[in-house]
Ligand SMILES: CC(C)(COP(=O)(O)OP(=O)(O)OC[C@H]1O[C@@H](n2cnc3c(N)ncnc32)[C@H](O)[C@@H]1OP(=O)(O)O)[C@@H](O)C(=O)NCCC(=O)NCCS
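Residue numbers (the UniProt record's numbering): 1 to 188.
Okay, structure coming up:
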């Protein structure tokens, strides 16, 4: 395990855009589904997209992970392209008063560059305003995909604050210390 310094930008959007974006043409058959009580290993598969970006907050054992992601304030939607997961997002609708958080947002590597993130984020914004919050907040840091920050801005989010944070990172050479692997039960 290693620690890395990163700059976190918090952004907010205060109202639902007048129209949501249509799905991109020629990107395959798309279906967006809300997943209730997501199986933990399916979640771990989706979350693995964050590995190159040092996402570690959900690298937890079964009980702790279930407590986080099966909580009533957490809403998860998965976008399927031709039957396979192509992207997903996770909202937290309860923690801050009248504020929804877009906790995780990603498209799967094999589905990128097709306009799916634009469509998916547009749908995440719609879902984020379902409970009538005064704002939908997202955070992105300099370890995330470099397209993420300009993309959120283009989609209507406005920066609220920037802060420096030290976070845990993956060290590819040291699997024994990998915080995501070590949280899983080991084979007998
Ligand atoms: C960032 C991410 C969501 C983009 O997904 P995508 O499916 O490739 O995005 P789209 O094809 O819908 O493109 C969205 C915008 O990002 C831009 N973009 C996407 N990949 C890019 C790249 N490699 N370089 C520059 N811009 C890029 C596109 O040009 C597009 O902008 P436009 O609407 O002006 O054309 C995806 O790479 C991802 O999930 N990354 C890992 C997780 C992450 O960083 N999540 C976001 C932070 S929480």
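Every residue, glycine too, gets a C-beta built ideally from N, C-alpha and C. Keep in mind that this is a model prediction, so the values were computed, not measured.
Please report the straight-line C-alpha distance between residue 22 and residue 162, rounded to a whole angstrom.
Taking the chain shown and counting its residues from 1, one reaches residue 22 at position 22. Taking the chain shown and counting its residues from 1, one reaches residue 162 at position 162. Taking the straight line joining both Cα atoms gives about 32 Å.
Using 8 Å as the Cβ pair cut-off and three pairs as the minimum, do the segment 3 to 19 and the segment 82 to 98 touch?
no
For residue 27 and residue 110, the rounded distance between their alpha carbons:
What you label residue 110 is simply residue 110 of the chain shown in a count that begins at 1. What you label residue 27 is simply residue 27 of the chain shown in a count that begins at 1. C-alpha separation (whole angstroms): 12 Å.
Of all the options 120, 115, 81, 114, which has the alpha carbon lying nearest to the alpha carbon of residue 91?
Against the chain shown, residue 91 aligns to sequence position 91. Cα-wise, what sits closest to residue 91 is 120.
Under 7 Å from any heavy atom of ligand 1, does the C-beta of residue 67 make it?
Residue mapping note: residue 67 aligns to position 67 of the chain shown, counting from 1. False, no ligand heavy atom lies under 7 Å from that Cβ.
Less than 8 Å separating the beta-carbons of residue 56 and residue 149?
Residue mapping note: residue 56 aligns to position 56 of the chain shown, counting from 1. Residue mapping note: residue 149 aligns to position 149 of the chain shown, counting from 1. No.
Anticipated Cβ contact below 8 Å, residue 154 with residue 24, distance rounded
By 1-based counting over the chain shown, the position of residue 154 is 154. By 1-based counting over the chain shown, the position of residue 24 is 24. 15 Å between Cβ atoms; not a contact.
Over the uninterrupted alpha helix (DSSP H) stretch that includes residue 159, give me the two end residues.
Counting from one through the chain shown, the residue named residue 159 turns up at place 159. Taken as a continuous stretch (DSSP letters only), residue 159 belongs to no alpha helix (DSSP H), being part of the beta strand (DSSP E) at 158 to 169.
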